[in-house]
Structure formats: C-alpha cells, structure tokens
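Numbering (this note's numbering), first residue to last: 3 to 103.
Backbone N, C-alpha and C define an ideal beta-carbon position, used for all residues, glycine too.
Report on the following structure.
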Ligand code: SF4
Ligand code: SF4
C-alpha cells in the first residue's frame, strides 16, 4: 500500500496555516510519525517552512510518501485551522506522534 503526504496549504480563503509542520511528518504504517519530511525546515521562531514549496505537489518524499494537498489528508492535526472534525487528530513533532482524538 502506498502512503501519501499532505502539504501546508489548503487553498481555502480566510484560513491561515500556522506553519507548525505537523502535517509534514511522514506516514509510517499508515499513521503520522515522528519523522519530518526531508524538505521541512524548522526556523528559529519554531515555525517551519518547505524548501521546495513551489514544486512540492506530488514530490516523492521516500519510498512510500508523496506530497499532497492538506485537504486530501486522511488526518487532522492538533490546533490546525484546516481540521475537518471528522478525521483522527494527531499531535506530531520530533519527540512524539500520537492520536489525541
Ligand atoms: S498542521 Fe495545519 S497549521 Fe500545521 S503546517 Fe499543517 S496545515 Fe499548517
Ligand atoms: S514537500 Fe514540503 S509541503 Fe510537502 S510534506 Fe515535505 S515539507 Fe511539507
């Protein structure tokens, strides 16, 4: 089974990404993991950015993960303004990756 990744843009007017980077962690065994995408850069203020942002969509990130739109993700993330309310909610960072709702 192949896994897919999501990106930091939902393309919905009026909503602003917090650049927390949670949705840019790789999926492992079909779940968000502690492993950040190799293109995710953490900045000094603890926000993140993508170093291939313009060309990110469909980029292979490893053997299983590919960059997709945030709206196409099967997951929601703690505090993310793009959460739908009907997907499992995860907290992901480099220390932990766990389902919180
Ligand atoms: S989880 Fe949400 S707020 Fe955080 S980077 Fe992804 S889209 Fe932006
Ligand atoms: S390529 Fe960029 S937008 Fe896509 S998952 Fe990686 S860091 Fe996030």
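Opposite residue i in the DSSP bridges: which residues?
i, result
"residue 76", "Per DSSP, none; premise fails for residue 76."
"residue 93", "100"
Expressed to the nearest angstrom, what Euclidean distance is found between the alpha-carbon atoms of residue i and residue j?
i, j, result
"residue 89", "residue 78", "6 Å"
"residue 21", "residue 86", "18 Å"
"residue 96", "residue 47", "16 Å"
"residue 69", "residue 16", "23 Å"
"residue 36", "residue 18", "24 Å"
Please determine whether the Cβ atom of residue i lies at a distance below 8 Å from any heavy atom of ligand 1.
i, result
"residue 44", "no"
Return yes when the C-beta of residue i is under 8 Å from any heavy atom of ligand 2, and no when it is not.
i, result
"residue 92", "no"
"residue 63", "yes"
Go ahead and pull the three-state DSSP assignment for residue i.
i, result
"residue 50", "strand"
"residue 37", "strand"
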